[in-house]
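One structure is given below, encoded as structure tokens.
Protein chains in written order, with the UniProt record's numbering: chain A, 1 to 123; chain B, 1 to 465.
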């Protein structure tokens, strides 16, 4: 069982190197770059005029609908992966196939429902 | 040795790694491999940017960068140095912590996905027998998808932390785009898993080594070994989603100069943080290219005719060459797409993702599963046949229904426009304000255009007399 987690440890090594390289680069950059801020430089961009308000814009609800849809479909798609790997193994015959068809039918129903509710239309 | 015996020589099979061969390297080799991946990717980005600018310039009939170094090769190096030495502005209103970590969150996972990309068989590296792949997991492809999802956090945080309306809207828009295309991307992998029977990347490459035969009604049909041919619809959908996932043309909507300025990176003025964001963008392009090579294009194996003439093509360090060549080809495809395709509108982007790619993908998975079930021994063939027929008929029925509804809607809209025009012809003030007659000579309305078309009278362009 020892070797099993070693494979993941290698990913962790790469993660550590990645963070070290990026953060180290940004740190070195901090030492090298000039720093002469003026009030004009420190304003956020808004078409060249002085920005109005504090920059929190109200955004439309449709974005969070897509986030919900993503969660639903991504989780559903993840269920498909293990099924696809054991699908051809002995002992998983017709039942597995039919079950997954039913499952995919449910997913398809979900997207049809969203479609019917005009969530996917962008007007 | 005559040419015939050379042709007949069976290709030498390289030492294939099994999934248990990973995670056993000495720590020195692990660090060496990780460092090489990092350095190669960094250099890849530097010269990839140069290559992109040079190639797209040639496609647009200009020279591109040609000042810094021979052929302008050092252009990206110069840009990188400049970005590293420039003043870094942190606007007053930004959320300092989030603003700082967003580029890191964007950059690091992009590199991580490369840890599971196989680039060759087992080789002898300083006396250690080790695969040319950092690591492999039983869920390797899932790791790639997970890293792509974490990259979305970087986009959202960059937009959120900037506290500026453009960055905010750009971040939301970009993340909605990326998550939408990620679903279609994940679904397009399912066909590959069905045939390969594994999620480990080295296993998928091994499964593409030789095509198996499909027995259909007593006939042995040899199947192509690359999933790119065998699962063509999956591959085409993947190609579209990989453009959408990496925000490349024609789906480069996160950056819209006319509407959103720079999108989520608006407040990252030209500094090293911006360079890290750009770096992540290019590394993501490399990652999706590498994934498509691994899953659909036979991985590091040499393309078909090469092993016939050169049996050792797949052994030793040579696979690195094939992998690199496939990478260059795919990256050139990205540039080609950028040079030739106009950008799509946002609503078109979303409806392509949700209304075409995902439903088509679901139907295709059903079909692939049915065909695959036919190949398994001891399965009730008639039952599978009936299921397959049901799937095809069902898909066709749904498509027909949608097609008729869409057609009816289109006709309704055309009729509505027609009616409006007729009403305005009859009484110009019908819309609440008077409009000029729609057939005035200088106002070429619909009616005038139709008349011109009917009479085949040539239009006189203004200013020609």
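Glycine included, every Cβ here is placed at the ideal spot set by N, Cα and C.
- Under the Cβ criterion of 8 angstroms, residue 68 of chain A is not counted among the residues facing chain B.
- With the criterion set as a beta carbon lying under 9 angstroms from some beta carbon of chain A, the members of the stretch 82-110 of chain B are 83, 84, 85, 86, 87, 88, 89, 90, 91, 92, 93, 94, 100, 103, 104, 107, 108, 109 and 110, in sequence order.
- Rounded to whole angstroms, the separation of the alpha carbons of residue 65 of chain A and residue 120 of chain A is 9 angstroms.
- Any Cβ of chain A closer than 8 angstroms to the Cβ of residue 165 of chain B would place that residue at the interface, and such an atom is present.
- Distance check between residue 81 of chain A and each of B:145, B:387 and B:154 places B:145 closest, using alpha-carbon atoms only.
- Taken in chain order, the unbroken stretches of beta strand (DSSP E) that lie wholly in the stretch 121-177 of chain B and span 3 residues or more are 122-125 and 128-131.
- Looking at the backbone, the Cα of residue 288 of chain B and that of residue 34 of chain B are separated by about 19 angstroms.
- Between the alpha carbons of residue 36 of chain A and residue 27 of chain A lies a distance of about 18 angstroms.
- Residue 319 of chain B sits in a helix when the DSSP states are folded into three classes.
- If you check each beta-carbon in the stretch 126-139 of chain B against every beta-carbon of chain A, the ones closer than 9 angstroms belong to 134, 135, 136, 137, 138 and 139.
- DSSP lists no bridge partner for residue 237 of chain B.
- Contact between the stretch 101-118 of chain B and the stretch 143-162 of chain B is present: 3 or more CB-CB pairs across the two stretches fall below 8 angstroms.
- A residue is called buried once 16 or more other Cβ atoms fall within 10 Å of its Cβ, and residue 99 of chain A, having fewer, is exposed.
- Note that the C-beta distance between residue 28 of chain B and residue 319 of chain B is not below 8 angstroms.
- Rounded to the nearest whole angstrom, the C-alpha separation of residue 285 of chain B and residue 105 of chain A is 33 angstroms.
- Residues of the stretch 36-51 of chain A whose Cβ lies closer than 9 angstroms to any Cβ of chain B, in chain order: 36, 37, 39, 41, 42, 43, 44, 45, 46, 47 and 51.
- By the neighbour-count criterion, in which a residue is buried when 16 or more other Cβ atoms sit within 10 angstroms of its Cβ, residue 96 of chain B is exposed.
- If you ignore the 5 residues before and after residue 338 of chain B, its C-beta comes within less than 7 angstroms of the C-beta of 56, 248 and 249, all in its own chain and listed in chain order.
- Leaving aside the five residues that flank residue 231 of chain B on each side, the residues in its chain whose CB is nearer than 6 angstroms to its CB run, in chain order, 191.
- Collapsing the DSSP output to three states places residue 311 of chain B in a helix.
- Note on geometry: alpha-carbon atoms of residue 164 of chain B and residue 47 of chain B lie some 33 angstroms from one another.
- Scanning chain A for C-beta atoms nearer than 7 angstroms to the C-beta of residue 346 of chain B yields 122, reported in chain order.
- Taking C-beta atoms under 8 angstroms as the contact rule, residue 369 of chain B and residue 187 of chain B fail to qualify, at a distance of about 12 angstroms.
- Interface with chain B (8 angstroms Cβ-Cβ cutoff): residue 25 of chain A is included.
- Note that the C-beta distance between residue 45 of chain A and residue 266 of chain B is below 8 angstroms.
- Residue range 381-426 is occupied by the alpha helix (DSSP H) that includes residue 416 of chain B.
- Here residue 275 of chain B is near residue 80 of chain B, since their CB atoms are less than 8 angstroms apart.
- Taking all protein chains in view, the Cβ of residue 167 of chain B is crowded by 16 or more other Cβ atoms within 10 Å, so the residue is classified as buried.
- Annotation for residue 67 of chain A: the continuous alpha helix (DSSP H) segment containing it runs 62-86.
- Those residues of the stretch 80-96 of chain A placed with their C-beta closer than 7 angstroms to a C-beta in chain B are 80, 81, 84, 85, 87, 88, 93 and 94, ordered along the chain.
- Within the stretch 194-211 of chain B, the residues whose Cβ lies closer than 7 angstroms to any Cβ of chain A are, in chain order, 194, 197, 198 and 199.
- The contact set of residue 22 of chain A on chain B, defined by CB atoms closer than 8 angstroms, consists of 103, 104, 107, 108 and 276 in chain order.
- Within chain A, 120, 121 and 122 have C-beta atoms less than 9 angstroms from the C-beta of residue 351 of chain B, given in sequence order.
- In the three-state scheme derived from DSSP, where H, G and I count as helix and E and B as strand, residue 117 of chain B is classed as coil.
- Within the same chain, 109 come within 6 angstroms of residue 150 of chain B by CB-CB distance, once the 5 residues on both sides are set aside.
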